[in-house]
Amino acid sequence: MVGGMSSTSDCGPSGDGPTGPGPDEPTIGPFPIPGLVRRARRIACLGQRQMARFAKVAPSTVARVETGELTPSLAVLERLLGAAGLYLAVVDQDGRVIQPMRDRDDMRDGANRRYPSHLNVILDPEPGEWWADIYGLARPPETFHRCPADREARRRLSQWEVRVAKYRSAPRPPDPRRWDY
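Just add 4 to wherever you are in the sequence shown, counting from 1, and you've got this note's numbering.
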């Protein structure tokens, strides 16, 4: 042991203790950003100055982020983690990575506006799939379901039809196209 340091390397992904912040660890909101930045430095075997140089920030910025004194912007956090070869990702409750929506030029309305992001666009709708079919209006080349209850009913029916093994003992959900308005 030289100068209080052990002769074995502590660099790399293996770490100290359980995952997640401890009770005394600083967090920024619900996120343990200070611990993540320290972990990134450990993985890359970088000192604060080295990480600051790679991330193109001041060394004091790294120190203040690690103590929880400074909340980094998303761009700064991305650069700090990127110095260790790490990336930010968005995951759902089950841990699956969520991909961003693609913006397709051919999926716009007549005024060149995007359709609402929270609704599923239906290309070339079949009879009964457009919300204005009940009024006898001409069908557009694409549409979406406005009614949340209708969307959920269609989603349940689709899941039941696709996941036969999972819903084998469950009765078939009602067909939303046969509802009386």
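C-beta atoms are modelled at their ideal positions from N, C-alpha and C, and glycine is treated no differently.
For clarity, every value in this text was computed on a predicted model and none was experimentally measured.
| Check | Outcome |
| --- | --- |
| How would you write the range of the alpha helix (DSSP H) that G39 sits in, first residue to last? | 37-48 |
| Across which residues does DSSP place V95 in a beta bridge pair? | V101 |
| Just to confirm the assignment, what range does the alpha helix (DSSP H) spanning S162 have? | 152-166 |
| From Y119 to Y139, what does the alpha carbon distance come to, in whole angstroms? | 21 Å |
| Roughly how many whole angstroms lie between the Cα atoms of I102 and V94? | 6 Å |
| Which residue comes first and which comes last in the alpha helix (DSSP H) that contains R106? | Where R106 is concerned, there is no enclosing alpha helix (DSSP H), given that its DSSP letter is neither H nor E. |
| In terms of residues, what are the limits of the alpha helix (DSSP H) holding L84? | 78-86 |
| For E73, is the classification buried or exposed, using 16 other Cβ atoms within 10 angstroms of its Cβ as the cut-off for buried? | exposed |
| So is the beta-carbon of H122 under 7 Å away from any non-hydrogen atom of the ligand FMN? | This structure lacks the ligand FMN; in fact it carries no ligand of any kind. |
| Which value, in whole angstroms, describes the spacing of the CA atoms of P36 and R57? | 23 Å |
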